[in-house]
């Protein structure tokens, strides 16, 4: 009879922990953090190329200052409740379809590649169809654009270079680049780059990560920066930050009298 709680991840007994079949003790000091992350999330120790790529991905989102919604949310929370864990949690809760979201780009690219193969289209033909559909539906393409980095997102460029060196530059990355080129061509817009979240999604898709696993890696990558900002806010910041009057607008009606109502006694 199966027990109520089951896991393939770890086994804890007196004096020993087994993670995915390997001794945790032997992992400590003999394998990198990136290797440990890959093993714990994916279930197997990474190859040399997978380990290098994972290490690069974990370093790609270390911090992005006040441009990052995660940092602003974390610091606001810490200014009201000066504790590390709640502030860090507040920052992580910003992760979604607009930020820290490699899985959305990966799912988008997966559909495009499947269509290309099913209908025997070229990359360029597929990109035209995809971009036309997105524009007709007035949706955004996940993984494109950045509020600060207009020409290129240096993080995405560096990850793309490492992916090529590690053998992970396949159909998903080429599809993303074709879609990006078609979007610029068809809209006439400039300054719209492939951002780091989008490139992470493409690369992790090439590596065989599932969507939830991609989100996990991205969250681990932003965690150091969020925690650093929370610590700084607690130690050096202003208690109970507010939005100043000169930085906000009230768009509601002007003050008005409350209608008098007869009370039923």
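In the numbering used here, the protein residues as written are 53 to 317. The C-beta atom is built at its ideal place from N, Cα and C for all residues, glycine as well. From a predicted model like this one, the values you see are computed outputs, not experimental measurements.
- Listed in chain order, the non-local C-beta contacts of residue 292 below 8 Å within the same chain comprise 131, 132, local neighbours out to five positions each way being set aside.
- A residue is called buried when at least 16 other Cβ atoms come within 10 angstroms of its Cβ; residue 212 meets this threshold and is buried.
- By the criterion of at least three beta-carbon pairs nearer than 8 Å, the stretch 231 to 244 is in contact with the stretch 180 to 187.
- For the pair residue 283 and residue 277, the Cα-to-Cα distance works out to about 10 Å.
- Rounded to the nearest whole angstrom, the C-alpha separation of residue 83 and residue 100 is 11 Å.
- In this structure, DSSP gives residue 97 a state outside helix and strand, which the three-state scheme calls coil.
- Under the three-state reduction of DSSP, residue 72 is assigned to coil, being neither helix nor strand.
- A Cβ-Cβ distance of about 4 Å is found for the pair residue 155 and residue 266, placing them in contact under the 8 Å criterion.
- A direct Cα-Cα distance of roughly 5 Å separates residue 274 from residue 113.
- Judged by DSSP secondary structure, residue 64 falls within the beta strand (DSSP E) whose first and last residues are 62 to 65.
- Within the stretch 82 to 169, the alpha helix (DSSP H) runs of at least 4 residues that lie entirely inside it are, in chain order, 85 to 94, 100 to 111, 121 to 132, 136 to 144.
- Secondary structure remark: continuous alpha helix (DSSP H) runs of at least 4 residues inside the stretch 203 to 239, in chain order: 206 to 218, 223 to 239.
- Under DSSP, residue 264 shares a beta bridge with no residue.
- The C-beta distance from residue 178 to residue 164 rounds to 6 Å, short enough to fall under 8 Å.
- DSSP, read as helix, strand or coil, puts residue 246 in strand.
- 8 Å or more divides the Cβ of residue 108 from the Cβ of residue 151.
- If you draw a straight line from the Cα of residue 261 to the Cα of residue 167, it is about 20 Å long.
- Residue 143 counts as buried, since at least 16 other C-beta atoms from the protein chains shown sit within 10 angstroms of its C-beta.
- Three or more beta-carbon pairs separated by less than 8 Å are not found between the stretch 237 to 251 and the stretch 62 to 82, which leaves the two stretches without contact.
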